[in-house]
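S.K.: Okay, handing you the structure first.
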Ligand SMILES: [Zn+2]
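In our numbering, the protein residues as written are 3 to 73.
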């Protein structure tokens, strides 16, 4: 019985580890711009990332933040 629980926990750990590494691949590649918005999690268009190196926000959130700063 305990063996089954141990096995299930072990499998869950493996799933979590796989999810984390997938997030690392998709998201923060150190030093590079993110593929997804820091604020809302929407994908950032490739063009935007190329024209703005290090960009972390999607156009909508960037626009929203600019307006906030101007006030
Ligand atoms: Zn956003």
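Ideal Cβ placement from N, Cα and C applies to all residues, glycine included.
From residue 102 to residue 14, what distance separates their C-alpha atoms?
M.R.: A question about residue 102 goes unanswered here, because the residues of the chain that appear run from 3 up to 73.
S.K.: So does residue 59 have its beta carbon nearer than 7 Å to some heavy atom of ligand 1?
M.R.: Correct: residue 59 has its Cβ closer than 7 Å to ligand 1.
S.K.: Could you say which of 72, 18, 9 and 42 lies nearest to residue 58 if we only look at CA atoms?
M.R.: Ranking 72, 18, 9 and 42 by Cα distance to residue 58 puts 42 first.
S.K.: Which term fits residue 49, buried or exposed, when burial requires 16 or more other beta carbons within 10 angstroms of its beta carbon?
M.R.: Residue 49 is exposed by the Cβ-count criterion.
S.K.: Drop a sphere of 10 angstroms on the beta-carbon of residue 71, count the other beta-carbons inside from all chains shown, and report buried for 16 or more, exposed for fewer.
M.R.: It is exposed - the Cβ of residue 71 has fewer than 16 other Cβ atoms within 10 Å.
S.K.: On a CA-only basis, which of 17, 56 and 18 is nearest residue 36? Give me that one, please.
M.R.: Nearest of 17, 56 and 18 to residue 36, Cα basis: 56.
S.K.: At the level of alpha carbons, what is the spacing between residue 62 and residue 68?
M.R.: Taking the straight line from one Cα to the other gives about 10 Å.
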